[in-house]
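Asker:
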Amino acid sequence: MSLHGQYDPQNIFALILRGDAPCYKIYEDDQVLAFLDIFPQSTGHVLVIPKASRARNILEVEPTVLSAMMSAVQYLTRIIVDELQPDGVQIAQFNGAVAGQTVYHIHMHIIPRWEGLHAGEHGRGKAEAEELRALQARLVERIRKA
Ligand code: AMP
-14 MSLHGQYDPQ NIFALILRGD APCYKIYEDD QVLAFLDIFP QSTGHVLVIP
36 KASRARNILE VEPTVLSAMM SAVQYLTRII VDELQPDGVQ IAQFNGAVAG
86 QTVYHIHMHI IPRWEGLHAG EHGRGKAEAE ELRALQARLV ERIRKA
């Protein structure tokens, strides 16, 4: 049933948007917020979420919001590729628990990939705060210079 249901305003991304939970913010504009995944599947794993929408998944999201999300995903993927020089980048989005969704506020994953390095398991293994802070600083600085 997780594919269908009510938006929970207490989900972790809603808390982050309200400033009630912290995040390693990389970028924001009037429509989206982007921050580091704290259980990253690879170095530089970034999440892009809409600010105003209460869509839980791709079925519910307003097309204009989806468009703003995808524009931000492309912009940030270019920033991440410039800064981290991965060999590839995976863009992912999950709908319903059976498909791997764990947070029910729609989001896109940007997951840089390197030759010979397997991506970590989805949503497992918390990164070190120090490592996340350093990465945040690099990506924010790269955006500032863009
Ligand atoms: P999904 O499984 O597609 O719903 O993705 C949710 C993602 O949110 C997972 O990759 C988690 O690692 C990530 N996540 C959960 N809590 C937080 C948090 N507080 N800050 C950043 N990322 C988070």
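Under the working numbering, read the sequence shown as residues -14 to 131, first letter to last. Just so you know, even glycine gets a beta-carbon here, dropped at the ideal spot from N, CA and C. Just so it is clear, the structure is predicted and the values come from calculations on it, not from any experiment.
Near Tyr9, which residues of its chain fall below 6 Å by C-beta distance, leaving aside the five closest residues on each side in sequence?
Answerer: As a first step, residue 9 must be located in the sequence shown, where it is residue number 24. Phe20, Leu21, Leu117 and Gln121, listed in sequence order.
Asker: Kindly list the residues whose CB is nearer than 8 Å to the CB of Val154, restricted to its own chain and excluding five residues on each side of it in sequence; keep chain order.
Answerer: No answer is possible for residue 154: it lies beyond the span of the chain, which begins at -14 and ends at 131.
Asker: Once the 5 residues before and after Val125 are set aside, which same chain residues still bring their CB inside 7 Å of it?
Answerer: Start at 1 with the first residue of the sequence shown, and residue 125 comes out as number 140. Around Val125: Ile11.
Asker: Helix, strand or coil for Ala77 per DSSP?
Answerer: Residue numbering aside, residue 77 sits at position 92 when the sequence shown is read from its first letter. Ala77: strand per DSSP, three-state reduction.
Asker: On the criterion of 16 or more Cβ atoms from any shown chain inside 10 Å, does Gln86 qualify as buried, or is it exposed?
Answerer: Here residue 86 is taken as the residue at index 101 of the sequence shown, counted from 1. That one is buried.
Asker: Of all the options Gln26, Ala119 and Ala82, which has the alpha carbon lying nearest to the alpha carbon of Arg41?
Answerer: Taking the first residue of the sequence shown as position 1, residue 41 is located at position 56. For Arg41, the nearest C-alpha among the options comes from Ala82.
Asker: Which runs of the beta strand (DSSP E), 3 residues or longer, sit entirely within the region 18 to 66?
Answerer: Here the runs fully enclosed are 31 to 35.
Asker: Ignore the nearest five residues each way along the sequence and tell me which others in Val58's own chain have a CB closer than 8 Å to its CB.
Answerer: On the sequence shown, position 73 is the one that residue 58 refers to. Closer than 8 Å at Cβ, skipping near neighbours: Val33, Ile76, Met93 and Ile95.
Asker: Between which two residues does the beta strand (DSSP E) holding Arg129 run?
Answerer: The count along the sequence shown starts at 1 and reaches residue 129 at position 144. Per DSSP, Arg129 belongs to no beta strand (DSSP E); it is in the alpha helix (DSSP H), Ala114 to Lys130.
Asker: With a threshold of 7 Å (Cβ to nearest heavy atom), would Ile23 be considered close to the ligand AMP?
Answerer: Locating residue 23 in the sequence shown gives position 38, counting from the first residue. Indeed, a heavy atom of the ligand AMP lies less than 7 Å from the Cβ.
Asker: Considering only DSSP beta bridges, list what His94 is partnered with.
Answerer: By one-based count along the sequence shown, residue 94 stands at place 109. Looking at the DSSP assignment, His94 forms a beta bridge with Leu32 and Ala77.
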